[in-house]
Each structure stands twice: as structure tokens, then as C-alpha cells.
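Asker:
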Amino acid sequence: EVAQIFQSRRSELQGIASKIGELEGEADEHRLVIDTLTEAQKADPERKCFRLIGGVLVERTVKEVLPALQTNLDGLKQILESLLKQYKQKEIQLQEFQREYAS
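Read left to right, the sequence shown gives residues 1 to 103 (the UniProt record's numbering).
1) Can you check whether the CB of LEU83 is closer than 7 Å to the CB of HIS30?
2) Please classify residue 131: does DSSP put it in a helix, a strand, or coil?
3) Less than 8 Å between the CB atoms is what I'm expecting for LEU66 and LEU37, so what's the real figure, rounded?
4) Just mark VAL58 as buried or exposed, buried being the case when its beta carbon has 16 or more other beta carbons within 10 Å.
5) Note down, in chain order, each residue of its chain lying with its Cβ closer than 8 Å to the Cβ of GLY54, except the 5 sequence neighbours on either side.
6) May I have the straight-line CA-CA distance separating GLU81 from GLN41, to the nearest angstrom?
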């Protein structure tokens, strides 16, 4: 039973780490698009761009899309911070569990 609990906690940690990696990749993509559209906005704020919303490409202008992307990026950062805290807490709990049952 101790081994099952340990394995369960370990897989929970791996799940959180996987989600963190996924969200970091998504945040990197957002940053790249924001950088590209910021340059485009300097040249022509009314320039057309397309955004995928719910599986549908929607035509917008650069000046409409940039604020939404920044909001999404800020949200991703908050979620990442929360997941990192959660990961650290779970990691400490797992280490304490190991110490408790290792002796």
C-alpha cells in the first residue's frame, strides 16, 4: 500500500510537470506571435490577421488581436506560477513521505 501511495504521488507530480511544460510552450508561442504582431502594428495597425477561435479562423485587425493575446499570455503566466507552487509543494510532500517510510 505504501508503494501505491508513493507511485500515485509521483505520477501526480509528473502530471503537473507535463502540464507546466505544455503551458510554457503555449506561452512561448504567444510571445512569438505578440512580437511579430507588434512589429506589424508599427507598420499598419489595420493590417488583417487571422485568429483561430474555437476551431474557426476569424479575420481581425492587428490592433484588435494584440490586446487579447496579451491578456491570454498574462493568464498563462498566472496559471504557470500557480502550477509551479503546487509542484513544489507536492515535491516537498513526496520527499517527506519518502523520508518517513525509508527508515
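In this text, a Cβ means the ideal position worked out from N, Cα and C, and glycines have one as well.
Answerer: This is what the structure gives:
1) One-based indexing of the sequence shown puts residue 30 at position 30. One-based indexing of the sequence shown puts residue 83 at position 83. Cβ distance not < 7 Å, so HIS30 and LEU83 don't count as in contact.
2) Since the first residue of the chain shown is 1 and the last is 103, residue 131 is not available in this structure.
3) As a first step, residue 66 must be located in the sequence shown, where it is residue number 66. As a first step, residue 37 must be located in the sequence shown, where it is residue number 37. So it is a contact: roughly 5 Å between Cβ atoms.
4) Here residue 58 refers to the residue found at position 58 of the sequence shown. The residue in question, VAL58, is exposed, as its Cβ has fewer than 16 Cβ neighbours within 10 Å.
5) For the purposes of this step, residue 54 is taken as the residue at position 54 of the sequence shown. Nothing meets the Cβ criterion.
6) Against the sequence shown, residue 81 aligns to sequence position 81. Against the sequence shown, residue 41 aligns to sequence position 41. Answer to the nearest angstrom: the Cα atoms are 30 Å apart.
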